[in-house]
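Below: one structure, written as structure tokens.
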Amino acid sequence: MMSPTFSLSCMSNWLCPLHFPDFANTSTFRLRCSQERSLAPPSVTSVGQDESIGRIAIRNDHVLRNNSPVLQQNGLPPLVSALKASAEQNVASFHFPGHNRGRAAPASLTRLIGTRPFVHDLPELPELDNLFCPQGPILEAQTEAAKLFGSSQTWFLVGGTTCGIQAAIMATCSPGEFLILPRNSHISAISALVLSGAVPKYIVPDYENDWDIAGGVTPLQVLKAIQELEMEGKKAAAVFITSPTYHGICSNLTLQQGADLTVQSTHKVLCSLTQSSMLHMSGNIVDKEKISRCLQTLQSTSPSYLLLASLDAARAQLSESPDVVFNQAMALAYEAKCTLKRIPGISVLENSSFPTFPAIDPLRLTVGFWKVGLSGYEADEILYGDYGVVCELVGNKSITYAFNLGTCRDHVQRLLSGIKHLAATYVTIQQPEERVLTVHAPFDDKITSLIPRDAFFASKRKVTIEESIGEISGELICPYPPGIPVLIPGEVITKKAVDYLFHVRSKGGDITGASDPLLSSIVVCNV
Numbered sequence: 001m002m003s004p005t006f007s008l009s010c011m012s013n014w015l016c017p018l019h020f021p022d023f024a025n026t027s028t029f030r031l032r033c034s035q036e037r038s039l040a041p042p043s044v045t046s047v048g049q050d051e052s053i054g055r056i057a058i059r060n061d062h063v064l065r066n067n068s069p070v071l072q073q074n075g076l077p078p079l080v081s082a083l084k085a086s087a088e089q090n091v092a093s094f095h096f097p098g099h100n101r102g103r104a105a106p107a108s109l110t111r112l113i114g115t116r117p118f119v120h121d122l123p124e125l126p127e128l129d130n131l132f133c134p135q136g137p138i139l140e141a142q143t144e145a146a147k148l149f150g151s152s153q154t155w156f157l158v159g160g161t162t163c164g165i166q167a168a169i170m171a172t173c174s175p176g177e178f179l180i181l182p183r184n185s186h187i188s189a190i191s192a193l194v195l196s197g198a199v200p201k202y203i204v205p206d207y208e209n210d211w212d213i214a215g216g217v218t219p220l221q222v223l224k225a226i227q228e229l230e231m232e233g234k235k236a237a238a239v240f241i242t243s244p245t246y247h248g249i250c251s252n253l254t255l256q257q258g259a260d261l262t263v264q265s266t267h268k269v270l271c272s273l274t275q276s277s278m279l280h281m282s283g284n285i286v287d288k289e290k291i292s293r294c295l296q297t298l299q300s301t302s303p304s305y306l307l308l309a310s311l312d313a314a315r316a317q318l319s320e321s322p323d324v325v326f327n328q329a330m331a332l333a334y335e336a337k338c339t340l341k342r343i344p345g346i347s348v349l350e351n352s353s354f355p356t357f358p359a360i361d362p363l364r365l366t367v368g369f370w371k372v373g374l375s376g377y378e379a380d381e382i383l384y385g386d387y388g389v390v391c392e393l394v395g396n397k398s399i400t401y402a403f404n405l406g407t408c409r410d411h412v413q414r415l416l417s418g419i420k421h422l423a424a425t426y427v428t429i430q431q432p433e434e435r436v437l438t439v440h441a442p443f444d445d446k447i448t449s450l451i452p453r454d455a456f457f458a459s460k461r462k463v464t465i466e467e468s469i470g471e472i473s474g475e476l477i478c479p480y481p482p483g484i485p486v487l488i489p490g491e492v493i494t495k496k497a498v499d500y501l502f503h504v505r506s507k508g509g510d511i512t513g514a515s516d517p518l519l520s521s522i523v524v525c526n527v
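Going by the UniProt record's numbering, the sequence shown opens with residue 1, and the numbers climb by one from there.
Here's what the structure looks like:
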């Protein structure tokens with residue numbers, strides 16, 4: 001049986017054949033196959049040039065097709081049209097939810113957003129179709145999305161990309177099977193290891209100390225991981241790669257290279273509502289019925305039709321002009337990058353910092369402040385407090401800003417003005433190299449003692465932070481965003497990891513997952 005591949009889009013954008021960025025971050029799985037399969041056109045080199053390896057790519061970005069938008073007679077996308085028609089019916093409602101089509105909506109919220117969201121907050125009525133057995137407008141909406149993004153089948157997700165990643169891994173990795181993935185994968189991939197019982201085979205990504213950020217994954221790293229398993233008489237069930245990374249670093253893969261599954265964070269760069277995503281399939285290696293069963297297990301049985309309709313609407317919006325829709329956002333991002341590069345003391349993340357990777361997401365702007373003596377956290381506090389600039393991601397040395405279809409020139413000018421003033425103020429009063437500590441990758445020396453699932457269910461105890469060194473972590477602890485775990489259940493706790501967490505917290509970063517938010521103690525496994 002051939003192994004599937006997943007590609008996951010979560011944060012970065014890619015330049016696709018139609019010359020615009022992918023619309024989400026992408027994670028990719030490569031699986032060991034028992035029969036050969038062509039993963040890419042002859043002109044494209046796949047990972048390790050091994051046709052016996054399928055690849056699952058979970059991506060936020062997708063390849064677009066020049067498809068004409070399919071609209072209902074009223075000019076609306078199919079699911080949007082069905083939701084509108086249902087909400088406009090003159091009916092006596094004796095069904096959930098309890099606000100009864102807005103009649104009993106809480107006044108404190110209606111004063112904020114009005115009653116229309118409640119009017120359209122409907123349950124799975126017959127005319128609205130069923131997410132887990134679609135035959136009507138949901139099926140039509142998903143079919144149109146599949147046509148646009150070039151997949152054989154598409155599922156709408158109301159549990160975010162997280163549930164798509166979990167379903168993809170659960171559908172392809174059985175308990176005890178190996179999943180190759182970067183050590184800096186999102187927390188959702190780790191939770192999928194707990195749910196599936198898969199065994200992680202980590203790839204330690206390239207790390208740029210000047211920026212204090214990790215890069216992507218190279219084909220050679222994937223090939224090496226596969227070969228190391230083979231030398232132990234084992235084989236990988238799948239390979240999972242997120243590309244671009246949260247900072248916009250793109251790995252050397254594209255959807256056309258044979259991704260079997262792609263999870264797209266549609267709400268991140270496209271315009272659907274927060275928590276809505278898509279899962280795309282290509283080919284027939286993965287059992288689509290198994291994907292459906294996993295999604296039914298993971299997703300709510302009361303899906304929000306506002307979220308579902310927003311996915312349909314975002315697809316229709318993109319299909320109206322897929323070849324030019326991102327032109328303005330990309331132009332603004334390019335102009336901002338050029339301006340920032342001329343400001344003394346300010347660094348801009350470019351491909352030269354990670355030369356082994358093909359591109360940086362053109363809609364992601366990562367700015368470094370260490371040369372003016374400020375951490376990313378300190379710079380963000382100034383830019384937010386004094387200029388009202390809200391970023392996507394704050395790090396030890398940098399801040400990442402996400403450009404999108406709603407980005408306007410006035411806001412870009414506010415960002416540039418703030419950074420210019422900040423640089424002019426601090427470059428003259430700080431001793432930069434003495435103030436910003438370079439912290440090395442906190443996950444480059446990890447030892448896994450238990451698989452995440454076994455550690456999750458193991459009996460545990462709480463010890464002081466000093467006593468935890470050398471113990472097996474029972475908690476998943478990570479700075480957020482971007483949600484990259486520093487400690488994963490089952491890993492041996494190192495002093496480097498603990499020092500990194502304290503450093504992040506001292507600079508104003510948020511630490512999630514720890515039972516003790518002060519980090520005076522840590523939960524460890526009793527083994």
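For each residue, glycine too, the CB sits at the ideal point set by N, CA and C.
Residues in the same chain with beta-carbon distance under 7 Å from residue i, minus the five sequence neighbours each way, listed in chain order, please.
i, result
"residue 614", "Not covered by the structure: residue 614. The range shown for the chain is 1 to 527."
"residue 100", "93"
"residue 307", "158, 273, 275 and 276"
"residue 460", "474, 523, 524, 525 and 526"
"residue 185", "240 and 242"
"residue 337", "348 and 365"
"residue 170", "192, 195, 196 and 294"
"residue 420", "343"
Please state whether the Cβ-Cβ distance between residue i and residue j is less than 7 Å.
i, j, result
"residue 201", "residue 180", "yes"
"residue 514", "residue 472", "no"
"residue 365", "residue 333", "yes"
"residue 241", "residue 269", "no"
"residue 368", "residue 423", "no"
"residue 294", "residue 167", "yes"
"residue 249", "residue 357", "yes"
"residue 219", "residue 182", "no"
"residue 178", "residue 236", "yes"
"residue 122", "residue 86", "yes"
"residue 353", "residue 208", "yes"
"residue 418", "residue 363", "no"
"residue 296", "residue 132", "yes"
Along the chain, where does the beta strand (DSSP E) that runs through residue i open and close?
i, result
"residue 239", "236–239"
"residue 264", "261–264"
"residue 178", "178–182"
"residue 402", "398–402"
"residue 149", "Premise fails: residue 149 lies in the alpha helix (DSSP H), 137–149, not in any beta strand (DSSP E)."
"residue 202", "199–203"
"residue 280", "277–281"
"residue 523", "521–525"
"residue 153", "153–157"
"residue 463", "460–464"
"residue 364", "364–368"
By the DSSP assignment, the alpha helix (DSSP H) with residue i in it spans what residues?
i, result
"residue 164", "160–172"
"residue 319", "305–320"
"residue 448", "No alpha helix (DSSP H) contains residue 448, which DSSP labels as neither H nor E."
"residue 504", "495–506"
"residue 95", "Careful: residue 95 lies outside any alpha helix (DSSP H) and carries neither H nor E."
"residue 474", "Here residue 474 belongs to no alpha helix (DSSP H), and DSSP marks it neither H nor E."
"residue 117", "116–119"
"residue 105", "That residue, residue 105, is in no alpha helix (DSSP H); it is neither H nor E in DSSP."
"residue 89", "Unbroken run through residue 89: none, as it is neither H nor E."
"residue 376", "376–387"
"residue 227", "219–231"
"residue 292", "288–298"
I think residue i touches residue j, with their Cβ atoms under 8 Å apart; what is that distance to the nearest whole Å?
i, j, result
"residue 312", "residue 519", "Residue 312 to residue 519, Cβ: 44 Å. No contact."
"residue 247", "residue 203", "Incorrect: roughly 17 Å between the Cβ atoms, too far for contact."
"residue 144", "residue 315", "6 Å"
"residue 452", "residue 190", "6 Å"
"residue 98", "residue 107", "That belief does not hold up - the Cβ atoms of residue 98 and residue 107 are roughly 15 Å apart, past 8 Å."
"residue 288", "residue 281", "6 Å"
"residue 571", "residue 329", "No statement about residue 571 is possible, as the shown extent of the chain runs from 1 to 527 and does not include it."
Using a Cβ-Cβ cutoff of less than 6 Å, which residues in the same chain neighbour residue i once the five nearest sequence positions on both sides are dropped?
i, result
"residue 175", "197"
"residue 164", "157, 263, 277 and 279"
"residue 462", "521 and 523"
"residue 491", "446, 448 and 473"
"residue 283", "260"
If you drop the 5 nearest sequence neighbours on each side, which residues of the same chain put their C-beta closer than 8 Å to that of residue i?
i, result
"residue 505", "511 and 519"
"residue 450", "458, 472, 489, 490, 525 and 527"
Is it true that the segment 387–402 meets the segment 226–235, where meeting means three or more beta-carbon pairs spaced less than 8 Å apart?
no
Under 8 Å, with one C-beta from each stretch per pair, do the segment 500–516 and the segment 392–410 reach the 3-pair mark?
yes
Does the segment 356–376 come into contact with the segment 444–461, if we say contact requires no fewer than three beta-carbon pairs (one atom in each stretch) closer than 8 Å?
no
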